[in-house]
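Asker:
Residue numbers (UniProt numbering): 1 to 246.
1) I need the straight-line Cα distance from residue 120 to residue 96, nearest angstrom please.
2) Which residues does DSSP pair with residue 186 in a beta bridge?
3) Can you give the beta carbon distance from residue 16 to residue 6, rounded, assuming they're within the 8 Å contact cut?
4) Please determine, among 79, 241, 81, the residue with the shortest C-alpha to C-alpha distance to residue 186.
5) Give every residue of the same chain whose Cβ lies closer than 7 Å to the Cβ of residue 20, excluding the five residues on either side of it in the sequence, and list them in chain order.
6) I need the boundaries of the alpha helix (DSSP H) containing residue 45, first residue and last residue.
7) Smallest Cα separation from residue 151: which of 108, 105, 71, 99?
8) Between residue 182 and residue 99, is the Cβ-Cβ spacing less than 8 Å?
9) Compare the Cα-Cα distances from residue 25 to each of 90, 133, 233, 32 and report the closest residue.
10) Taking a contact to mean a Cβ-Cβ separation below 8 Å, would you say residue 196 touches residue 124 in this structure?
11) So, are the CB atoms of residue 234 and residue 41 less than 8 Å apart?
12) Can you give me the C-alpha to C-alpha distance between residue 146 and residue 213, rounded to a whole angstrom?
13) Return the bridge partner residues of residue 8 from the DSSP annotation.
14) From 79, 155, 106, pick the residue whose C-alpha is nearest to that of residue 198; which is it?
15) Could you give the residue range of the alpha helix (DSSP H) that holds residue 103?
16) Measuring alpha carbon to alpha carbon, tell me which of 193, 110, 128 ends up nearest residue 169.
17) Measuring alpha carbon to alpha carbon, tell me which residue in 117, 10, 223, 35 is nearest residue 101.
18) Could you tell me if residue 189 is buried or exposed, where buried requires 16 or more neighbouring beta carbons within 10 angstroms of its beta carbon?
19) Would you give the residue range spanned by the alpha helix (DSSP H) that residue 82 belongs to?
20) Return the Cβ separation of residue 109 and residue 177 in integer angstroms, given the expectation that the two are a contact with Cβ distance under 8 Å.
21) What does DSSP give as the partner residues of residue 321 in its beta bridges?
22) Taking C-beta to C-beta, are residue 220 and residue 201 nearer than 8 Å?
23) Please state the DSSP three-state secondary structure of residue 169.
24) For residue 194, does the three-state DSSP call read helix, strand or coil?
25) CB-CB under 7 Å to residue 210, same chain, minus the five flanking residues each way: which ones, in chain order?
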């Protein structure tokens, strides 16, 4: 296991990360909403990269894992900035972004900011979920709670309820990526399970249609759920990453 290090970011946050040196481009794993860099996919892909002598970076956004901050006080813009700060401080040269769930949205944001992105793998990527998932699925009562009381609680299949804040919703509207074309002039692979109850196949197809690039493919895994952490699913992610790395 790679040693954990910390970056005191220019935005006042203490951010944890694990960086393995090796052959470039650096693979950057961006985890999901309420997830962290100790998740199955992050650790598995780190070991896979190490075995090939490839550079690898995984990280915790603020309010996630062992980075500073309170999760409920954060938003998409904060977490995208955290990822950018670590990438810029720790890596040099080309990077391939591997984004899981919310990390797929953050990857899409970073492709617009970082000129050295040379590939993207989306794992059950969940772009724009605060608006198209949370807000559009809220009842009038929940919308009122968010706007008037500042938050509402949603049940989760993965543990404690999700606390959805007004700041998360309002910031999310500034970060939307599925309202215009997403230029990605490099290999892109999207991996999604047909049994995913958090990110539907329709979302995957919508992202596919918005990405403007010469080599973009969506790989659907029958009956797989949102985690995509079974051995056969991890093999599919490895294969997608191998294609992107060329």
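Don't be surprised by glycine CBs; every beta carbon is placed ideally from N, CA and C. The structure displayed is predicted, hence computed values, not measured ones.
Answerer: Concretely, from the data shown:
1) Taking the straight line from one Cα to the other gives about 6 Å.
2) Bridge partners of residue 186 according to DSSP: none are assigned.
3) Rounded to the nearest angstrom, the Cβ distance from residue 16 to residue 6 is 6 Å, consistent with a contact under 8 Å.
4) Checking every option, the nearest Cα to that of residue 186 belongs to 241.
5) Cβ neighbours of residue 20 within its own chain (closer than 7 Å, five residues either side excluded): 2, 46, 49, 50, 55, 56.
6) Run containing residue 45: 40-51, per the alpha helix (DSSP H) assignment.
7) Measuring from the Cα of residue 151, the nearest candidate turns out to be 71.
8) Going by beta carbons, residue 182 and residue 99 fall outside the 8 Å limit.
9) Closest by alpha carbon: 90.
10) A contact, by the Cβ cut-off of 8 Å.
11) Going by C-beta atoms, residue 234 is nearer than 8 Å to residue 41.
12) Residue 213 has its alpha-carbon roughly 37 Å from the corresponding atom of residue 146.
13) Residue 8 is bridged to 14.
14) Comparing alpha carbon positions, the residue from 79, 155, 106 closest to residue 198 is 155.
15) Residue 103 -> alpha helix (DSSP H) spans 102-111.
16) The shortest C-alpha to C-alpha distance from residue 169 to any of 193, 110, 128 is the one to 128.
17) When only C-alpha atoms are compared, the closest one is 35.
18) Classification for residue 189: buried.
19) Annotation: the continuous alpha helix (DSSP H) that includes residue 82 extends over 76-90.
20) Correct: roughly 6 Å between the Cβ atoms.
21) Here the chain has residues from 1 to 246 only, and residue 321 is not among them.
22) Taking 8 Å as the cut-off, the Cβ atoms of residue 220 and residue 201 count as close.
23) Residue 169 falls in the helix class under three-state DSSP.
24) Correct three-state label for residue 194: coil.
25) Cβ neighbours of residue 210 beyond the five flanking positions: 178, 181, 182.
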